[in-house]
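Numbering-wise, this note's numbering puts 259 at position 226 of the sequence shown, and it's gapless, one number per residue. We put the beta carbon where it would ideally sit given N, CA and C, even for glycine.
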Amino acid sequence: MSEKAIFRLENVTKIFRGASEVVALDKVNLTINEGEIYGIIGMSGAGKSTLVRTLNRLEDVTDGTVYFQEEALGSLSKNRLREVRRDIGMIFQGFNLLNQKTVSQNIGIALKIAGIEKKERQPIIDKMLDIVGLSDKASSYPSQLSGGQKQRVAIARALSTNPKVILCDEATSALDPKMTGEILNLLKKVNKELGVTIIIITHEMSVIEAICDKVAVVNNGHIEEEGKVTEIFANPKSDITRRMVYPDNIRFNTAGFSNRRCVRLVFDGTASEEPIIADLASSQNIKVSILSANTKSVGSVGFGQMIVALPDEEDKAEKAIEYFKAKNVFGEEITEKIKEHLTEEERSAENG
């Protein structure tokens, strides 16, 4: 994978001015390299969609600079910006297909806008449909397609101008889990076989974990943390990232244990082969309560996480933590974080 930057953001700020000022982005610094599958994640209103729209200058920044292959987008002429945008494809949550046009015609419109001669369009359309597995749907209309097939058409359309990068703005949010998996696998194929940089904007951590090499976590217009997906998963540093990484059912499984010290353990493919919890009980005579556990593929690596409650005895709790650290599975102590997940009713009940 290249270490050459395809996008570089320096102190990018975007302020929307109206009846009141809204700071959507605040001094954002970010580098995305060629060939990466890069995720930008955040909750609704975090600023992630505004951020992606600055990457093709659909939004002009208020301050700072967005570089695409070391060209400052804000200083480009209209003609040069039009040329640059051909290298930046985009797919959306809502597909944005014309219902009165066939699949082939929808792709052809993108080629026409890009200035491709009419006689050259059909071979490109045929190739794109073959790549996304829809050669048999060339004459179909969007109303005759499933949601996943519509998104495949959108991907074919984005690829038709031979871009260097594709921006995916919540591209799987309207799809069911099976279709989401198929689209993510297709994007991985496009990245690997065509060398296209993929930038995914999403609020779903499962999407990031399934496909991305690196991720930036956006919150209130700021980059909370950024790095390799496996590192972020194993050691989330910010509260917003922890909420995304922790098991979805943490509140229900930990209710009743907030007065015990609790830790999060993280297992990679090698650590999971060893019976660590059983060995702790047999060799150290220390028993812990398993509150939550799951496994998943993160960055194509098998990962698992487990939340356990430590013994009430302080010396045994400390020995358990030292044991987990020696086994390289200790993530972090999350006692206070568990309390944050409880409802007021559950918190009152636990406090008597």
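Per DSSP, residue i forms a beta bridge with which residues?
i: Gln338; result: Val299, Asn327
i: Glu47; result: A quick correction: the sequence has Lys, not Glu, at residue 47. Leu58.
i: Val251; result: Ile256
i: Asp312; result: BP columns for Asp312 are empty, so no partner.
i: Val198; result: Ile121, Thr230
i: Ile65; result: Phe40
i: Thr235; result: Ile74
i: Ala52; result: According to DSSP, Ala52 bridges with nothing at all.
i: Glu394; result: Residue 394 lies beyond the stretch modelled for the chain, which goes from 34 to 385, so this question has no answer here.
Please report the residue range of the alpha helix (DSSP H) in which residue i lies.
i: Gly180; result: 180-192
i: Phe468; result: With the chain represented from 34 up to 385, any question about residue 468 goes unanswered, as that position is not in the structure.
i: Thr274; result: 272-278
i: Leu220; result: 210-227
i: Thr263; result: 262-267
i: Ala207; result: First-last for Ala207: undefined, no H or E at that position.
i: Glu239; result: Rather than Glu, the amino acid found at residue 239 in this sequence is Ser. Counting along the chain, the alpha helix (DSSP H) containing Ser239 begins and ends at 238-244.
Considering residue i, what are the terminal residues of the beta strand (DSSP E) in which it resides?
i: Gly364; result: 363-366
i: Gly97; result: 96-101
i: Val321; result: Where Val321 is concerned, there is no enclosing beta strand (DSSP E), given that its DSSP letter is neither H nor E.
i: Gly78; result: Where Gly78 is concerned, there is no enclosing beta strand (DSSP E), given that its DSSP letter is neither H nor E.
i: Gly72; result: 70-74
Going by beta-carbon coordinates alone, are residue i and residue j separated by less than 8 Å?
i: Ile216; j: Ala207; result: no
i: Ala189; j: Ile164; result: yes
i: Thr213; j: Ile74; result: no
i: Ile124; j: Gly141; result: no
i: Gly72; j: Val248; result: yes
i: Lys197; j: Asp246; result: no
i: Arg294; j: Leu343; result: yes
i: Glu237; j: Lys329; result: no
i: Ile233; j: Ile70; result: yes
i: Val299; j: Val362; result: yes
i: Gln102; j: Ile39; result: yes
i: Leu200; j: Leu88; result: yes
i: Thr274; j: Val251; result: no
i: Ile244; j: Leu219; result: no
i: Ile323; j: Lys352; result: no
i: Ser77; j: Asp202; result: no
i: Thr194; j: Gly122; result: yes
i: Glu104; j: Val85; result: no
i: Glu36; j: Asn62; result: no
Could one say the Cβ of residue i lies closer than 8 Å to chain C's Cβ atoms, at least one of them?
i: Ile231; result: The chain inventory of the structure shown lacks chain C, comprising one protein chain alone.
Q) Below 8 Å, can you find three or more Cβ-Cβ pairs linking the stretch 129-140 to the stretch 159-176? A) yes
Q: Let me know the beta strand (DSSP E) ranges lying completely inside the stretch 121-175, each 3 residues or longer, listed in chain order.
A: 121-125
Q) Do three or more CB pairs link the stretch 332-351 to the stretch 305-321 at distances below 8 Å? A) yes
Q) Using 8 Å as the threshold, is the stretch 162-171 in touch with the stretch 133-144, meaning 3 or more CB pairs across them? A) yes
Q) So, do the stretch 44-58 and the stretch 158-169 have three or more beta carbon pairs nearer to each other than 8 Å? A) no
Q. Counting pairs of Cβ atoms below 8 Å between the stretch 247-262 and the stretch 212-228, do you hit three or more?
A. no
(Q) So, does the stretch 267-276 touch the stretch 83-96, judging by three or more C-beta pairs under 8 Å? (A) no
Q: Give a yes or no on contact between the stretch 94-113 and the stretch 249-260, applying the rule of three or more CB pairs nearer than 8 Å.
A: no
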